[in-house]
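**Student:** Numbering (our numbering), first residue to last: 1350 to 1478.
C-beta atoms are modelled at their ideal positions from N, C-alpha and C, and glycine is treated no differently.
This structure is a prediction, so every number in the text was calculated from the model and none was measured.
Shown below is the structure under consideration.
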């Protein structure tokens, strides 16, 4: 039996995590969600989370304060146990984020409903790399 591709959804909004899980699961993905704040405050360990769930794609939202949270994401991505995993970055204000950190390729999520097709396309594209 083939196993489903696992997508981790890391966001500071539980509503968005739940919405993205429903959409991705409808597309045949297995999902696991976690609140970004739990990692940032040290309540959860991101490396252990990745080792436990083994996500092939991590849908990661960079929320305000953008520069601080971007730096935190960079630290997470540099962990050797996280290496090789594909990230899809989302944010609520791509223009401000990129003014602070440079080009990110992030998908902007503003309000509801946001463009789920763009997110699905990005996840599928990352899996092909």
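With distance defined between alpha-carbon atoms, name the residue in 1386, 1453, 1367 and 1385 nearest to residue 1379.
**Tutor:** Of the candidates 1386, 1453, 1367 and 1385, the one whose C-alpha sits nearest the C-alpha of residue 1379 is 1367.
**Student:** Contact between the region 1426–1433 and the region 1373–1392: three or more CB pairs below 8 Å?
**Tutor:** Output reads no: the region 1373–1392 does not touch the region 1426–1433.
**Student:** I think residue 1385 touches residue 1410, with their Cβ atoms under 8 Å apart; what is that distance to the nearest whole Å?
**Tutor:** The pair is a contact, with the Cβ atoms about 6 Å apart (cut-off 8 Å).
**Student:** Got a sec, what are the start and stop residues for the beta strand (DSSP E) residue 1407 sits in?
**Tutor:** First-last of the beta strand (DSSP E) with residue 1407: 1406–1411.
**Student:** Nearest to residue 1356 by alpha carbon, out of 1362, 1372, 1363 and 1364?
**Tutor:** Here the closest residue by C-alpha is 1372.
**Student:** What's the C-alpha gap between residue 1450 and residue 1360?
**Tutor:** Spanning the two alpha carbons is a distance of roughly 19 Å.
**Student:** Skipping 5 residues on each side, what residues in its chain have a beta carbon closer than 6 Å to that of residue 1475?
**Tutor:** So the list reads 1406, 1435 and 1437, once near-sequence residues are dropped.
**Student:** Just to confirm the assignment: which complete beta strand (DSSP E) runs, minimum length 3, are found wholly within the region 1358–1386?
**Tutor:** Those beta strand (DSSP E) runs which fall completely within the region 1358–1386 and span 3+ residues are 1379–1384.
**Student:** Which parts of the region 1390–1457 are runs of the alpha helix (DSSP H), unbroken and 4 residues or longer, counting only runs that do not cross its ends?
**Tutor:** The region 1390–1457 contains these whole alpha helix (DSSP H) runs: 1395–1402, 1415–1426 and 1443–1450.
**Student:** So, is residue 1424 buried or exposed, given that buried needs 16 or more other C-beta atoms within 10 angstroms?
**Tutor:** It counts as exposed.
**Student:** Kindly say whether residue 1438, judged by its beta-carbon, lies nearer than 8 Å to any beta-carbon of chain C.
**Tutor:** This model lacks chain C altogether, as it is built from one protein chain only.
**Student:** Looking at residue 1412 and residue 1441, is the spacing between their C-beta atoms short of 8 Å?
**Tutor:** Taking 8 Å as the Cβ cut-off, residue 1441 and residue 1412 qualify as a contacting pair.
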